[in-house]
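Protein chains in written order, with our numbering: chain A, 1 to 538; chain B, 1 to 341.
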């Protein structure tokens with residue numbers, strides 16, 4: 001039993017805007033005719049294409065395989081034909097296109113053969129590999145491949161398994177609805193995960209603004225055999241950050257730069273547990289997810305959306321957007337980003353789409369100078385000094401920014417949220433981080449180049465000396481015994497010695513009985529060879 | 001256009017909102033001031049406000065900065081009001097103008113304007129006046145209830161702008177040394193504390209009249225705390241340290257050292273605790289740093305009041321501690337999440 005909850009530093013209470021989309025049950029959407037599936041919907045290596053243009057594929061068929069350990073597969077959300085494999089605009093902050101598979105649906109929606117996995121009778125590594133092939137990633141938005149986190153690591157045994165149902169960002173309600181409607185399935189997924197990790201303690205953290213979800217989860221826990229504790233945590237943004245939730249539930253802080261597993265904790269989103277259950281118990285890979293569509297749309301709510309569906313088509317399913325919108329935000333208003341186009345597809349990271357308008361998100365007034373009021377420091381969940389980091393980033397004093405732990409910033413946006421001077425602080429930190437990373441890379445490249453140049457200069461110098469030595473030798477000719485001749489003689493003598501030693505050591509060779517002249521000739525040849533070899537070696 | 005990147009939400013707050021609340025929090029103090037010393041202070045406030053806004057506008061123009069956002073942010077008015085409240089309420093007009101000019105032009109704008117001044121502008125203005133015009137700075141009017149003669153508002157205006165007093169009155173009839181000053185002089189003459197405090201200018205807590213004003217500042221300070229414009233650290237550390245030193249010495253030798261309540265309710269202690277030392281720009285930002293900063297001002301204020309050459313030590317204490325701010329901040333960085341201490 002959790003007797004006491006802990007607090008993390010700071011946090012803010014932005015208006016929640018959850019009621020708009022949380023009231024109605026999850027709705028299905030009609031299968032679109034065309035689906036665009038980016039090959040990188042996860043953190044890690046790009047998946048490797050396994051199909052060719054023109055191939056007919058079935059629903060749930062793997063289209064791209066994971067490449068390496070940290071990677072995830074991509075599957076067909078419906079049956080149809082692969083019509084293109086090319087670069088398309090994807091929902092990413094950069095706004096840059098990436099490689100995608102385009103699928104033309106055949107309307108039959110025909111599944112591959114699905115079989116539940118008898119995971120308890122399998123090697124755990126085989127289950128992990130199966131999950132790797134199923135494309136399961138963290139569905140809270142971070143999209144880190146789940147199988148990597150489920151591998152048992154003997155150095156860091158995971159004792160505590162935490163399901164994250166906090167959903168702290170305003171507007172988003174997909175986890176809330178999922179927990180209300182499919183709590184049994186989530187708990188089943190949790191059970192599988194706990195089995196794979198050998199976890200001793202299972203916790204579900206839910207913010208106390210979702211009492212219905214908590215109730216549903218508690219009922220499901222009571223029905224299931226797994227000992228799980230559902231804990232209501234105070235509603236405080238960013239309480240759903242993995243490190244913040246772990247701190248609130250256990251009081252432990254994940255050390256800077258380390259993973260939660262290194263302190264014996266593993267944290268998964270509730271939707272990820274649901275995806276694990278769908279795959280293990282039904283053989284269904286990740287081909288859809290729950291997406292909140294809210295903001296300025298006619299009928300906000302949650303939808304079960306096939307991956308690859310265009311955002312604009314999804315928004316149509318929610319009754320269409322109001323005419324005054326000025327774009328769509330993917331994710332929440334605190335950490336999400338504006339989509340480069342409404343035509344980009346829904347991906348595994350798409351937890352929420354907000355039709356944004358100026359009255360929902362008023363334009364920011366012009367930034368004023370920082371007055372060092374330190375409100376940002378009061379709300380920073382990492383307990384950083386944002387006003388100092390801002391100062392260092394602005395003055396391009398990047399080393400100092402690093403010293404003040406810039407890389408512990410989780411970019412939650414609390415500092416910008418409270419800033420009375422309306423300074424876009426997070427943007428300064430993103431800028432400073434990318435500059436530091438670029439500088440580090442440049443430094444590495446420069447070091448490498450310098451090393452290479454030094455080697456090159458040394459080689460040129462050596463070659464010059466050798467050339468000079470050769471010229472000098474030529475100039476001297478065979479007239480006198482020069483130092484070079486002496487050296488040559490020494491090498492010959494050494495070679496003879498070696499030959500003699502060899503002769504003594506090994507069985508007699510047919511050269512042994514040659515006359516001394518011939519032997520001397522051989523020795524000279526040997527000497528030249530060894531000299532040539534020496535030179536080659538250099 | 002909405003914000004370029006997340007977060008797209010922000011709290012309804014602004015620099016001018018903060019400054020307006022600070023000005024609002026000063027209103028009870030000003031009202032008490034008028035009640036105790038008469039309406040002369042309103043003239044000083046107006047003079048300082050106009051000077052501050054005009055000089056700020058000229059400096060912004062010279063520096064090629066936009067006028068509107070910076071004139072409307074209210075920071076110049078806060079500086080002007082704090083300086084005016086620190087000066088004698090019947091100070092000659094030029095004293096107010098020179099002090100305000102120095103505060104805005106030199107201490108604030110020449111250092112880069114809002115957010116860039118390392119020293120509290122109002123206290124810089126005050127210190128310059130105290131050093132340059134010590135006589136004018138110590139001519140405080142007696143509280144109305146003690147004054148031998150009461151000046152009408154017109155008389156006060158005549159005195160402020162022309163140094164002309166109604167016939168038959170001398171400067172001594174309307175002004176007196178401040179209680180802190182009197183205490184210092186009397187102690188030098190080896191009078192006992194009890195005898196000194198028996199004089200009518202000393203009140204129940206601090207000084208007659210002055211204690212009411214101080215109480216009103218305390219009220220305004222509570223409002224600022226409630227509105228989360230300031231945090232408790234600086235006021236508590238400053239007043240606590242001042243009271244601690246005063247109590248300690250008062251216990252050892254009550255005849256030579258005034259008690260804690262006298263120190264808290266005399267001079268500019270309350271004004272400093274909630275309005276001056278809490279200036280975010282020239283103060284430290286870390287919680288521990290704020291405690292050190294406040295305690296440092298408390299120590300210096302008490303030391304200057306007790307042994308220094310000036311009757312009140314608040315301004316110099318604040319300026320001296322302003323110098324230490326970068327050092328304090330550097331050495332009081334809190335532990336970052338996931339890091340060892």
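We put the beta carbon where it would ideally sit given N, CA and C, even for glycine.
Is the shortest distance between the beta-carbon of residue i and the beta-carbons of chain B less than 8 Å?
i	result
residue 251/A	no
residue 1/A	no
residue 77/A	no
residue 255/A	yes
residue 413/A	yes
residue 340/A	no
Along the chain, where does the alpha helix (DSSP H) that runs through residue i open and close?
i	result
residue 355/B	Given that chain B is displayed from residue 1 to residue 341, the structure contains no residue 355/B and the question cannot be resolved.
residue 125/A	124-133
residue 193/B	193-197
residue 415/A	414-418
So who's on the other strand from residue i, going by DSSP bridges?
i	result
residue 344/B	In the structure displayed, chain B extends from 1 to 341; residue 344/B sits before or after that span and is not available.
residue 207/A	233/A
residue 59/A	111/A
residue 304/A	28/A and 290/A
residue 45/A	71/A
residue 453/A	DSSP output for residue 453/A lists no bridge partner at all.
residue 345/A	310/A
Whose C-beta lies closer than 7 Å to the C-beta of residue i among residues of the same chain, with five residues either side of it excluded?
i	result
residue 376/A	386, 387, 415, 418, 419 and 425
residue 158/B	164
residue 320/B	300
residue 254/A	243, 246, 260 and 263
residue 508/A	Low confidence applies here, because residue 508/A scores a pLDDT of 49, under 50, leaving its location unreliable; read the following figure in that light. Closer than 7 Å at Cβ, skipping near neighbours: no residue.
How about residue i: is its C-beta nearer than 8 Å to some C-beta of chain A?
i	result
residue 196/B	no
residue 294/B	no
residue 1/B	Summary for residue 1/B: the model assigns pLDDT 48, below 50, so the residue's position carries little reliability, and this model does not support an answer.
residue 99/B	no
residue 18/B	yes
residue 74/B	no
residue 119/B	no
residue 22/B	no
residue 114/B	yes
residue 15/B	yes
residue 220/B	no
Looking only at its chain, what residues have a beta carbon closer than 6 Å to the beta carbon of residue i, apart from the 5 residues adjacent to it on each side?
i	result
residue 106/A	79 and 80
residue 118/A	none
residue 33/B	41 and 213
residue 22/A	173 and 176
Less than 8 Å between the CB atoms is what I'm expecting for residue i and residue j, so what's the real figure, rounded?
i	j	result
residue 43/A	residue 143/A	6 Å
residue 178/B	residue 138/B	7 Å
residue 207/A	residue 235/A	4 Å
residue 63/A	residue 112/A	So it is not a contact: roughly 12 Å between Cβ atoms.
residue 292/A	residue 174/A	5 Å
residue 178/A	residue 228/A	No, residue 178/A and residue 228/A are not in contact; Cβ-Cβ is about 16 Å, not under 8 Å.
residue 319/A	residue 297/A	6 Å
residue 100/B	residue 48/B	5 Å
residue 60/A	residue 76/A	7 Å
residue 79/B	residue 121/B	5 Å
residue 523/A	residue 495/A	5 Å
residue 134/A	residue 285/A	4 Å
If I follow the unbroken beta strand (DSSP E) through residue i, where does it start and stop?
i	result
residue 293/A	288-295
residue 163/A	160-165
residue 83/A	80-89
residue 148/A	Per DSSP, residue 148/A belongs to no beta strand (DSSP E); it is in the alpha helix (DSSP H), 146-150.
residue 241/B	No beta strand (DSSP E) holds residue 241/B; the alpha helix (DSSP H) holding it covers 233-252.
residue 100/A	97-105
residue 354/A	352-355
residue 34/A	34-38
Please report whether the beta-carbon of residue i lies at a distance below 8 Å from any beta-carbon of chain E.
i	result
residue 417/A	In the structure shown, chain E does not exist; the protein chains are A and B.
Apart from the five residues just before and just after residue i, which ones in its own chain have a Cβ nearer than 8 Å to its Cβ?
i	result
residue 371/B	Lying before the first or after the last residue shown, residue 371/B is absent from chain B, which here runs from 1 to 341.
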